[in-house]
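Input: a single structure, listed below in structure tokens.
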DNA sequence: CGTTTTTCCGTAAACGTTTACGAGAACACA
DNA sequence: TGTGTTCTCGTAAACGTTTACGGAAAAACG
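Residue numbers (our numbering), protein chains in the order written: chain A, 1 to 341; chain B, 1001 to 1341.
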């Protein structure tokens, strides 16, 4: 059932070299011969053995996406990544590249899985997500000279790799702007406690906007929690119990917002009535929650496509005539005004 | 930087054959020699080239999980799979098997991606999810003689492959039981409209329980919708507008439940007060929704581990001395009683 | 001491590709 | 006719492993 290039050669009574050249569209093969090869390939249901090809070419024709679940009580996934991956894989497929998603274990340090991919050469490049402010995966890959791109910025590694990020800073800024315009003065910010870079970026924008409006930055209104529903649930009461209650909360994550709203509900505080709520990254949850949550929406699928292009442009094997380029982009979010603010 | 087995051999002044044998723990190599090889491997930072190994052994040492996003307006993922994948990958890792997640595009038929994996021999086996009642992926893999296992049952392919499923039938049954015990007589069921097998199983249990309680099965109380929030939102009003309103709804999917609750809210109907709601597959959303949704919870991570074991037991290369076994299991769900019913 | 067994290791082929090299045939040109 | 060019293809090496085979040396045994 597994027909090889040798089978084709034997069947057509020509050499394997010619078969290979015909299949790969090289110029030095007779048009008629190529036709016969292609036809035989179809008839014998030939498809190239990836291992053989990889071995010879030193390339695997696949890109690894490192999906690291956050440690936590319940290990549910971030819906965020799926549309991104769809875009990523779609663009990669156009270049005959496979996308493989490599999972780590929640507690376990992702470094080990990454090493494995790199050292056994399972992929030609990797895509990192959940970038930390200081990210040793980036340090490792840079030092190893292994090609990679990141979804999200980091302070590690300089400007030596392609990266695509959402403009969390601006989103934090705009969220404050909007709330201030609606009369709010005490605005809380709730973000993940890990070293995740976007949490810092969001807070930068939040602070900047407050200052611009001449409002003080009250540390009692800023809280870090675990990046899931439980985290939001646990940490939201903390800001609500500060001496001077906030009248608005900006959540940096949809899961945290859900947990936070639960905590609010238990305190008898109704989002959209008693308090304004804005979420930075929109998901279907925000849309279908009651009240529907005002949120900032990214274009995930186009971002996936774009990061694929950026990664490819940085790979010598795929870079066009203009050579290898490192591109870094930061994309805006779109505000979706709903009922919660 | 990429040190091969040849480098080790040269460095130690022995043959590559011996190096390979030492590395693979074969018996016919001197203990001291093995020590030296292992040491050199560590020093030269050797790790085997996967392509070379795969080519020689005819095995890739990786298992593919096919993740097919449902077509829909917004392509968000099912959080369901992440904990399952964590368990799956954990057990596979113990056998030095990598897990790769292969994405398809939403609209596109997954068959094509699957073919690619199989024909180019990118994985040694595949794991299928979202099994349809009649599933041509299963037919294809069976016919191709390619090893696979499924998360979820199907009517295709007979009992020739390992499969692990949740007992949706019993969950549907128990949900009705519980609602009837609480005085409900008109109970609606909302499930996905695709050919997804669990939708049928759920409905079987639902019908069976109704009949046992001497209640008629009213087609007006059963609705199929798209398997996401929008689907639930669109289809829930339909059962609410039937001549004789239901007093309870069982949702076969958490996303549909969210959409459905939104529709209820817009009709001024409060889950937990005006209507009872039960969800078949629990997620953090159910727990943190207001009111918290009563739901049936699966043990996803253990299920992932188990399916890995079942798949391995069916692979000649990994089956123990007892030989190759096909195992099929159906696991119960645990009822988590909360506020919505 | 001779014979047999065991221990250890080197040799070389094989997995399925791609590709550098060279050669034969056909063709063009003077 | 001789020389150079172009077209087409076969040969063989190479990628990094694993492993069947055989042989040399050491050990065991009579």
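Backbone N, C-alpha and C fix where the C-beta goes; we use that ideal spot for every residue, glycine too.
Neighbourhood of residue i by C-beta distance below 7 Å, restricted to the same chain and skipping five residues each side
| i | result |
| --- | --- |
| residue 1174 of chain B | 1335 |
| residue 1037 of chain B | 1008, 1012, 1019, 1022 and 1023 |
| residue 1003 of chain B | 1044, 1045 and 1046 |
| residue 1260 of chain B | 1190, 1232, 1233, 1236, 1249 and 1251 |
| residue 199 of chain A | 191, 192 and 252 |
| residue 41 of chain A | 8 and 23 |
| residue 327 of chain A | 162, 310 and 313 |
| residue 1180 of chain B | 1213 |
DSSP three-state assignment for residue i, whether helix, strand or coil
| i | result |
| --- | --- |
| residue 1082 of chain B | helix |
| residue 218 of chain A | coil |
| residue 279 of chain A | strand |
| residue 165 of chain A | strand |
| residue 1295 of chain B | strand |
| residue 55 of chain A | helix |
| residue 267 of chain A | coil |
| residue 129 of chain A | coil |
| residue 1196 of chain B | strand |
| residue 2 of chain A | coil |
| residue 1334 of chain B | strand |
| residue 1027 of chain B | coil |
| residue 188 of chain A | strand |
| residue 149 of chain A | strand |
| residue 375 of chain A | As displayed, chain A neither begins before 1 nor continues past 341, which places residue 375 of chain A out of reach and without an answer. |
| residue 342 of chain A | The question about residue 342 of chain A has no answer here: the residues shown for chain A are numbered 1 through 341. |
| residue 225 of chain A | strand |
| residue 1014 of chain B | coil |
| residue 1098 of chain B | strand |
Proximal residues of chain A, C-beta to C-beta of residue i below 7 Å
| i | result |
| --- | --- |
| residue 1055 of chain B | 51, 52 and 55 |
| residue 1231 of chain B | Within chain A, no residue comes near residue 1231 of chain B; the closest Cβ sits about 11 Å away, beyond 7 Å. |
| residue 1262 of chain B | 288 and 290 |
Interface partners of residue i on chain A, CB under 8 Å
| i | result |
| --- | --- |
| residue 1265 of chain B | 290 |
| residue 1090 of chain B | 105 |
Contacts of residue i in chain B (Cβ-Cβ under 9 Å)
| i | result |
| --- | --- |
| residue 161 of chain A | Those do not exist, as residue 161 of chain A stays about 18 Å from chain B at its closest Cβ, beyond 9 Å. |
| residue 140 of chain A | Result: empty, since nearest Cβ-Cβ is about 13 Å, beyond 9 Å. |
| residue 86 of chain A | 1069, 1075, 1103, 1104, 1105 and 1106 |
| residue 60 of chain A | 1050 and 1051 |
| residue 237 of chain A | The contacting residues do not exist; residue 237 of chain A stays about 14 Å from chain B at best. |
Cβ shell of residue i (< 6 Å), same chain only, five flanking positions each side left out
| i | result |
| --- | --- |
| residue 1340 of chain B | 1271, 1272, 1277, 1291, 1293 and 1294 |
| residue 1312 of chain B | 1318 |
| residue 231 of chain A | 225 and 256 |
| residue 1342 of chain B | Residue coverage of chain B in this structure runs from 1001 to 1341, which leaves residue 1342 of chain B outside it and unanswerable. |
| residue 54 of chain A | 60 |
| residue 103 of chain A | 67 |
| residue 1283 of chain B | 1079 and 1254 |
| residue 1204 of chain B | 1169 |
| residue 1124 of chain B | 1059 and 1060 |
Interface partners of residue i on chain B, CB under 8 Å
| i | result |
| --- | --- |
| residue 120 of chain A | 1047, 1048, 1049 and 1050 |
| residue 258 of chain A | 1284, 1285, 1288 and 1289 |
| residue 228 of chain A | 1284 |
| residue 40 of chain A | Residues of chain B passing the Cβ test: none, with the nearest at roughly 16 Å. |
Residues near residue i by beta carbon distance below 8 Å, same chain, minus five either side
| i | result |
| --- | --- |
| residue 134 of chain A | 154, 155, 156 and 195 |
| residue 258 of chain A | 229, 232, 285 and 289 |
| residue 6 of chain A | 16 |
Chain-ordered residues of the stretch 166–200 of chain A with a beta carbon less than 7 Å from chain B: none
Proximal residues, the stretch 95–106 of chain A versus chain B, C-beta separation under 9 Å: 98, 99, 100, 101, 102, 103, 104, 105 and 106
Stretch pair the stretch 1091–1102 of chain B + the stretch 1056–1069 of chain B: three plus CB contacts closer than 8 Å: yes
Interface residues of the stretch 10–35 of chain A facing chain B [CB-CB below 9 Å]: none
Meets three-Cβ-pair contact criterion under 8 Å: the stretch 142–160 of chain A and the stretch 301–316 of chain A: yes
contact_flag[the stretch 1124–1131 of chain B, the stretch 112–127 of chain A] where n(CB pairs < 8 Å) is 3 or more: no
Where the stretch 1316–1338 of chain B meets chain A: residues whose CB sits under 7 Å from a CB there: none
Validate contact between the stretch 300–308 of chain A and the stretch 160–167 of chain A using beta carbons, cut 8 Å, 3 pairs: yes
Segment contact, 8 Å Cβ cut-off, at least three pairs: the stretch 246–254 of chain A with the stretch 184–193 of chain A: yes
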